[in-house]
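full-length UniProt numbering applies: residue 1 is where the sequence shown begins, and numbers increase by one. As C-alpha cells, the structure follows; a few thoughts come after it.
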Amino acid sequence: MYRGDTPFCSEECRQEQIERDEAKEKNKNLSSSMKALRKKEQRKSVSPNKTQNYSFHTGTVAAA
C-alpha cells in the first residue's frame, strides 16, 4: 500500500499517484525556499548597511 489504506486499481495507477505526490512535494519545497529567499532580501533592503548616523556640530573650540 502507498500512503495509508488507499487502494489502487493497478500498479500503474499507484505509480501515477506517487509521481503526482512527489511533484507536489517538490513544488511545495521550492515555494518555501523562494519565500525564505524573499524574506532574506527584504531584510537586506530594510537595513542595507549598519553605519550609524552621527551629528556633527561646526564651530570654534577654545582651549586654555
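Where is the CB? At the ideal position from N, CA and C, for every residue including glycine. Quick caveat: nothing in here was measured; it's all calculated off a predicted structure.
Report all residues from its chain with a CB closer than 7 Å to the CB of residue i; omit the five preceding and five following residues, and keep chain order.
i         : result
lysine 35 : none
Enumerate in chain order the residues of its own chain whose CB-to-CB distance from residue i is below 6 Å, with the five nearest sequence positions on each side excluded.
i           : result
arginine 38 : none
If we ignore side chains and look at the alpha-carbon of each, how far apart do residue i and residue j end up?
i            : j            : result
aspartate 21 : glutamate 12 : 14 Å
glutamate 25 : glutamate 19 : 10 Å
residue 88   : alanine 23   : Residue 88 is absent from the model: the chain starts at 1 and stops at 64.
valine 61    : serine 32    : 59 Å
lysine 40    : leucine 30   : 15 Å
lysine 28    : glutamine 42 : 21 Å
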